[in-house]
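*Asks:* Residue numbers (my numbering): 22 to 228. Below: one structure in structure tokens.
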């Protein structure tokens, strides 16, 4: 491995550690990895003007396209295999659905975004808006924890699909809530989920 020195570190105990296996660079601050149907998807959500979801071949780690979310408008289309989405943020949550569809939590953009991965890259399928749900006054943290000068955010940060793939369950980090999204009709039901919900998991076969 020619770049072993660059990925080798000395920890507090004095031990030297380095990763093993095949390595590939990603965009800044990779936070989530999802493997589905021969592809590995990586969410990179650093505090920059864009966040991304990149697709790699699961065996070779060859790049197979990416989605870039921009805070503002997109001035020009991306190169082949790169989908640019305006007013879009990505934050950690990622789930795989049928027919190559990915569902990504939209963070400050307050949406669940669906994209389809194909041979030529990604295509935008749909965006599902999510609204802020006020916190109960008797529940920690007792008040909204985002910026108070702007709009209040649901801030989707985690997503999983229900049994059969007809619904998505999305946690709202700044809203202490979970949303159940009908992926066909886009209707949404909300429920309180307690402080800082992060990662939804279904049990009992989705019941």
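Don't be surprised by glycine CBs; every beta carbon is placed ideally from N, CA and C. Since this is a predicted model, take the numbers as computed values, not measurements.
Rounded to whole angstroms, what's the CA-CA distance from residue 218 to residue 156? Just pull it up for me.
*Replies:* Taking C-alpha positions only, residue 218 is separated from residue 156 by approximately 12 Å.
*Asks:* From the DSSP secondary-structure annotation, give me the bridge partner or partners of residue 78.
*Replies:* 60
*Asks:* Can you list, in chain order, the residues of its chain whose CB lies under 7 Å from that of residue 43, leaving out five sequence neighbours each side?
*Replies:* 82
*Asks:* Taking the alpha-carbon positions, what's the residue 127 to residue 163 distance?
*Replies:* Residue 127 and residue 163 have their C-alpha atoms spaced approximately 24 Å apart.
*Asks:* Using the three-state DSSP reduction, which class does residue 201 fall into: helix, strand or coil?
*Replies:* Residue 201 falls in the strand class under three-state DSSP.
*Asks:* Given the structure, does residue 125 come close to the ligand PLP, in the sense that its CB is under 6 Å from one of the ligand's heavy atoms?
*Replies:* No copy of the ligand PLP appears in this structure; indeed no ligand is present at all.
*Asks:* Rounded to whole angstroms, what is the Cα-Cα separation between residue 166 and residue 195?
*Replies:* 6 Å
*Asks:* Look at the alpha carbon of residue 80 and the alpha carbon of residue 140, and state the distance between them as a whole number of angstroms.
*Replies:* 16 Å
*Asks:* What is the rounded straight-line gap between the Cα of residue 146 and the Cα of residue 205?
*Replies:* 12 Å
*Asks:* For a test of the three-state rule: what should DSSP assign to residue 25, helix, strand or coil?
*Replies:* helix
*Asks:* List the endpoints of the continuous beta strand (DSSP E) containing residue 147.
*Replies:* 142 to 150
*Asks:* Pull up the CB-CB distance for residue 74 and residue 88, whole angstroms please, since I reckon it's below 8 Å.
*Replies:* 5 Å
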